[in-house]
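One structure is given below, encoded as structure tokens.
Residue numbers (our numbering): 49 to 202.
Following this line, the structure appears as structure tokens:
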């Protein structure tokens, strides 16, 4: 199977920490990342945002072994047939006050959140298009307190 090279849609540095937020998509899937810009203990944090093609029945370990970001399995997708690609001009990143957590917006609506505790005990972040809690993202519900904190983000 042929795979397209990933496209970086948005890249932005934190106002308060040596962290960079990156939104990347290929022809299959969109991911939101936080990368440490120094040699700190802050590891790369990743969160699935959406599938662009029909969701697989289970995680594709062959693709993961090749270093490709995994598509979310069907049981965890609100849109199992996939959604359209994101448009760069519609995206924005907000940072929490400390600058170690980020929120991805599309046309002003929250798509994904990577809090500072991402990467702990199998948690990666929240995604609007996720159902339930998967190994790639947890469902972003209206009761999520981080949504309220978004009003204080910069």
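We put the beta carbon where it would ideally sit given N, CA and C, even for glycine.
Leaving out five residues before and five after residue i in sequence, what residues of the same chain have Cβ atoms less than 6 Å from its Cβ?
i, result
"residue 72", "54, 56, 79"
"residue 75", "52"
If we count the other Cβ atoms within 10 Å of its Cβ and call it buried at 16 or more, is residue i buried or exposed?
i, result
"residue 148", "buried"
"residue 63", "exposed"
"residue 93", "buried"
"residue 137", "exposed"
Which same chain residues, not among the five before or five after residue i, have their C-beta less than 7 Å away from its C-beta?
i, result
"residue 118", "107, 108, 111, 112, 184"
Below 8 Å between beta carbons: does that hold for residue i and residue j?
i, j, result
"residue 194", "residue 161", "yes"
"residue 65", "residue 120", "no"
"residue 122", "residue 103", "yes"
Just tell me which of the options has its CA closest to the CA of residue i.
i, options, result
"residue 124", "175, 143, 67, 134", "175"
"residue 69", "181, 188, 187, 139", "139"
"residue 60", "135, 171, 150", "150"
"residue 181", "83, 96, 58", "96"
"residue 129", "186, 191, 77, 67", "77"
Among the residues of its own chain, which have a CB less than 8 Å from the CB of residue i, if the five just before and after it don't count?
i, result
"residue 170", "183"
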